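One structure is given below, encoded as structure tokens.
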Amino acid sequence: MIYEDVSSGSRTRRTLTGAARVLSALQIDGPLMVGLGLICAYGLIVLYSASGQSIATIVRTALRLLLGTIAMLVLARVNPNFLRRSTPWLYAGGCVLLMLVVTIGHVGMGARRWLNFGLFRFQPSELMKLAVPMMCAWYLHERPLPPGWPSLGALSVLILVPVGLVAIQPDVGTAALIAVAGSLVIILAGLRVRVMVALLVLAALGAWFGWSFMHDYQRKRVLMFLNPQADPLGAGYHIIQSQIAIGSGGVFGKGWMNGSQAQLEFLPERSTDFIFAVIGEEFGLLGLLLLLLLYVFVVGRAIYLATQTQDTFARLLAGSLALTLFVYVFINAGMVTGLLPVVGVPLPLVSYGGSSVVTLLAGFGILMALYSRRKLVGS
Amino acid sequence: MPAVHIKDHWREQRLFDQRALICATIMAVATVGLIVRLFVLQVARHEYYAELSQGNRVRNEPIPAARGLILDRHGEVIAGNQPAYQLELVPEEVPDVQQTLARLVQFDLIRAEDVDELEGTIDSSRSFDSVPIRLRMSDEDIARFAVRRFEFPGLDIKTRQTRWYPNGELAVHALGYVGAISEQDLKHIDRAAYAGTSLIGKLGVESAYEGELHGTNGFREVLVNAQGRSVERQGAFVPNLRTRAPGAGEDLLLSIDLKVQRTAEAALTGHRGAVVALDPNNGDVIALVSLPGFDPTMFGRGITAGEYGVLNNDIDRPLFNRALRGTYPPGSTVKPAIALAGLSYHVVDPLAHRYCAGSFHLPGSSFIYREYHNEHHGAVDLDDAIARSCDVYFYGLANELGVDRLSTFMGPFGFGKPTGIDIGGEKAGILPSREWKAKAFSRPQDRVWFPGETVSLGIGQGYLTVTPIELAHYASILATRGKIWRPRVVAAYRDPRTGELHRIAPVSDGEVPGVTPEDWQRVVHGMIGVVTRGTAAAIGAHAAYSFAGKTGTAQVFTVSRTEKYNAKLVSERLRDHSWFIAFAPADQPRIALAVLEENGGAGASAAAPIARKVLDAYLLGADGKLKPQT
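Printed below as a string of structure tokens:
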């Protein structure tokens, strides 16, 4: 083991080495863990303010983080080969659950998204955020890269079936994220540029086609994105208020728990989808830059880890998981700042609620497992 | 190219690294884009958004200014402000609104028929806003509620300022009243300046001096959340909010003397009519009475349709301002002016006697103009003709003068045009002339002036009409021997903070041209004769001062077709209107007045005694002697 060689001299070094040894034993990547921990801690501080100083919210979030951390620690110890072998079953199971959701799922907020297991409600679409990229990576693992047309066709089916099932719940936001996660695997696998261009054209056509199938509220969101001032008290209210919150925060912010937009509830969904605006209002530009820095560090570290893995499945999956985090951040921040339409994508690890925290940390657990076992895979 | 289906791990690793690099680059570009966006929002447009957020969270709550007081010339309050108590309900603090309202009905605090409307109002209000459910609670209501307060969570008694008229109906037609701001009012006022104001002046002083009385409303900045609920603080931060104190409206000092006003109203009570008394030396209105009146307080607290209907349908028309808007033939009260015209145009020799046989007719006409009550005055000169109000004398004089000279001469006395009194709302009487008649009638045969119509003019009948204020104005011009002062009710403003008085200079409208002092004296002498030996000799008896007057009796020609009442009532309403004008002391007048009693009969019997009481009230001290001039 590499760490044994460096153990020597100073006490600090020994302590560090001790910590490193623990991390190593747990097959945890230290820098990634620290980065994620800082984001979560930052998130809890902001959430306390954004929830209107609700201790209950903090406790519930902390419990979810704990659950996610446990999932991460457990998954980090799983053998990647086992993970790869079980991928088709996971994927197939997820698809079955999605079908169950569509037929007998629990209806909430005008959409059918949950399966009610009595003790807890489970959102199978969250599972698919992991299962779809895993399935794509599994499919490409044995095949030569870059993938040819037949592979692309098969992959499209693998992605579009669960995406379609989620989209009809309807939950277009999550469906899009699942599609992105799967597509990232294909792109990382070396999809040719001209194919990408062709697909973009297809996507544009698809968007046009999709528009005709959209629900009214979804169309409204898109239109509102294009011109938020058109209906300031109606659909455009979210965007206008979040821009006011961020803009009025200035460089240094109004101070913790002093954001008038957030505290006086002008900002809707302040503790969930729009928590980015709360940070902007209370901690200003500096607060947001710090947050972006943490995210970029975590994503960057994750991509680095991905490049260090040695088989196709690990590489593609790890890369996709890393990039997915960035996509989440960018879509959320873009929506809150008015760069993108309002889609229900939470700010990863910071927004309150949902099982996405658990899914995300679980994903990083998988990523760590793939990285720490690279030698085993190689040998 | 042959398809190679062999996995090349090294190549794939490179491919992946390449792709990862591209993705990282895209990521970096996206991040930079995001940061640029943040820079635009938080640095470049920070001030814009900061202002929007400030506007979001701060609401201006208006603080209404105290309305200025209205005082009489001695400083007695005519209109003031008083807190009124009202019951208010905060919907979110009331467990069961329906049951609460039912209980309030049970305790007689609200009326059962109002419940539905109140429920609607409560439903449409924001749950944290206080909704008034009962205005103007009496002391008894308050006591009844107070002992059961514990049964009514979410209900409380609140105070608000309302207008208070301590003397009730007294001087209401000069004062006007305040009422809820109407759509009509909104067109004239600056809405921003009236935010927080609920009442606005209607009619009279309250309306004409609205600008001075209203003052400037202040405001208080209140922190509000997105639902508009005012909150104490946000997070850990207590914000710095501004307040501007309201500036109370100016107090108005009227020229009206409430003692004289009360005397005049008391003297006229039970009758329909008007009294207007002026200070002939500056136009100050000493008393302005129109009876019947109404209680102005009703409008301030919100008059009900029923109450308004009663006022509006009253046969005596209490809402009608007779003093400023009632037009009546002046009757014989015009005779002094006709006499002055005759003297000025040298048409009449004041000492020459004319013979009165009780009737007059124009040469070549069979139409007979009769003396009032068919009296025979015998040989009368000008002085006698005024004192004894000889119609025959003035029929002839008017005929000799002709309509053109008459209308020209009478114009400066204020006939046919509004006096310009500062509280407005006046209606002008008619001073007929050839031009007037040509315009007033549509049929060609009616547009010609007939000589017979001039004859009627001589005794103040025919087309000539005046309002009581016009006639008082005319009396004051006679009193000052031709000096014209514009009547005014408000004499001074008083700053409510410093108590400083700003007197308003009286407005002169010039003088009556072309009348010699001797002619004035002749006519005034005739008017003194009226109250010493003439038609109103009875009321002049035992006066502590000399005074001049003139009676008038105006025939009621027609009764409006809408007034269909029983015979007794109609016959009462067909009686002549009784006029009296006077000024005193005759040599140095301090007061001039006009009294009208509708359907009072002869001027000497109805209006003249009222005039005497008003003159006494103004001129005499407690000792019953003429007060020294101040």
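Just so you know, the protein sequences line up as chains H and W, in that order. Numbering follows the working numbering, in which position 14 of the first sequence is assigned residue number 14; successive positions increment by one, without gaps. Here the working numbering = 1-based position in the second sequence + 1000. Backbone N, C-alpha and C fix where the C-beta goes; we use that ideal spot for every residue, glycine too. None of these values were measured; they are calculated from a predicted model.
Beta-bridge partners of T1498(W) (DSSP): none assigned. In the displayed model, K1335(W) falls within a helix according to three-state DSSP. The beta carbons of S1546(W) and P1506(W) sit no closer together than 7 Å.
Residue environment: I279(H) is assigned as buried (16 or more neighbouring CB atoms within 10 Å of its CB, all protein chains considered).
Counted as a single uninterrupted DSSP element, the alpha helix (DSSP H) harbouring C95(H) occupies residues 80-104.
Across the structure, V1531(W) and L1340(W) are spaced so that their CA atoms are roughly 19 Å apart.
Not one beta carbon of chain W lies nearer than 7 Å to the beta carbon of Q308(H).
If you draw a straight line from the Cα of T307(H) to the Cα of A322(H), it comes to about 11 Å. Within its own chain, the residues whose Cβ lies closer than 7 Å to the Cβ of G1411(W), once the five positions on either side in sequence are excluded, are L1431, listed in chain order. Our two residues, Q261(H) and G249(H), have alpha carbons roughly 10 Å apart in a direct line. Relative to the Cα of A1492(W), the nearest Cα in the group T1454(W), S1255(W), E1511(W), A1387(W) belongs to S1255(W). Around the CB of K1187(W), fewer than 16 other CB atoms lie within 10 Å, so the residue is classed as exposed. Chain-ordered, the chain W residues with CB closer than 8 Å to the CB of Q243(H) read L1041, Y1049. When C-beta distances to chain W are compared with 9 Å, the residues of the segment 257-271 of chain H below that value are M257, N258, G259, S260, Q261, A262, Q263, L264, E265, F266, L267, P268, in chain order.
Between L127(H) and G164(H), the CB-CB gap reaches or exceeds 7 Å.
Just measuring C-alpha positions, the residue of P341(H), V22(H), G338(H), G363(H) sitting nearest P348(H) is G363(H).
Under a criterion of Cβ atoms nearer than 7 Å, the residues of chain W adjacent to R315(H) are, in order, F1016. For the segment 1413-1470 of chain W, the full-length alpha helix (DSSP H) segments reaching 4 residues or more read 1434-1440, 1451-1457 along the chain. For G1396(W), the enclosing alpha helix (DSSP H) has its first and last residue at 1391-1410.
Straight-line spacing of the CA atoms in S242(H) and A277(H) works out to 6 Å. Using a CB distance cut-off of 7 Å, T337(H) counts as an interface residue toward chain W. Per the DSSP secondary-structure output, W1485(W) pairs in a beta bridge with S1508(W). Non-local beta-carbon contacts of E1453(W) in its own chain, meaning distances under 6 Å to residues more than five positions away in sequence, involve G1462 in chain order. Contact of T312(H) with chain W by beta-carbon distance below 7 Å involves E1012. In the structure shown, Q1161(W) adopts extended strand secondary structure according to DSSP, grouped into three states.
Looking at the DSSP output, W1579(W) bridges to G1552(W), L1596(W). Per DSSP, the unbroken beta strand (DSSP E) holding F1360(W) starts and ends at 1359-1361.
Interface annotation, N1240(W): not in contact with chain H, CB-CB separation never under 7 Å. Taking a contact as a CB-CB distance under 8 Å, the pair E1470(W) and G1414(W) counts as one, their CB atoms being some 5 Å apart.
The C-beta distance from E282(H) to G253(H) rounds to 5 Å, short enough to meet the 8 Å contact threshold. Residue environment analysis places H1214(W) among the buried positions, since at least 16 neighbouring C-beta atoms fall within 10 angstroms of its C-beta. The C-alpha of I303(H) lies about 49 Å from the C-alpha of N1240(W). Proximity of F330(H) to chain W, defined by a Cβ-Cβ separation below 7 Å, is satisfied. For I366(H), the nearest beta carbon of chain W is not closer than 7 Å to its own beta carbon.
For A1536(W), the CB contacts under 6 Å within the same chain, skipping 5 residues up- and downstream, are V1530, G1549, T1551, A1604, A1608 in chain order. Taken in chain order, the complete alpha helix (DSSP H) segments of 4 or more residues contained in the segment 1236-1323 of chain W are 1258-1268, 1297-1300, 1305-1313.
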